[in-house]
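A quick write-up on the structure given underneath.
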């Protein structure tokens with residue numbers, strides 16, 4: 001499965017509203033998991049089996065919770081049994097389709 005998620009604290013007490021330290025901690029957990037992943041400006045994508053992916057997301061949420069009084073989690077999942085390497089495969093197929101249209 002692929003999961004794109006965003007996690008951030010609120011109630012941090014920071015006057016600038018920045019959450020980058022908390023997000024960095026969440027991304028560190030994802031990267032150290034060893035699962036295929038990619039981080040963009042808005043989401044982190046992670047690929048693996050249901051239990052392992054959600055264990056990492058849970059750990060990331062718990063870490064972010066140390067930075068504020070609440071945690072916001074947004075996620076989107078692509079659950080497609082029997083498929084692997086879709087983090088890159090989906091993008092590769094899209095790029096190939098775009099090349100064929102030109």
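Numbering (the UniProt record's numbering), first residue to last: 1 to 102. Each residue gets a CB set at the ideal place from its N, CA and C atoms; glycine is no exception.
Other residues of its chain near residue 68: CB distance less than 6 Å, five sequence neighbours each side excluded: 9, 10, 11 and 12
For residue 21: DSSP bridge partner residues: Its beta-bridge partners do not exist; DSSP assigns none.
Per-residue burial, residue 62 [other beta carbons within 10 Å of its own, 16 or more giving buried]: exposed
Whether residue 86 touches residue 47 by CB criterion (9 Å): yes
Ranges of the beta strand (DSSP E) found wholly within the UniProt domain "Thiamine-binding protein" (3-94), counting only runs of at least 3: 37-39, 44-47 and 70-78
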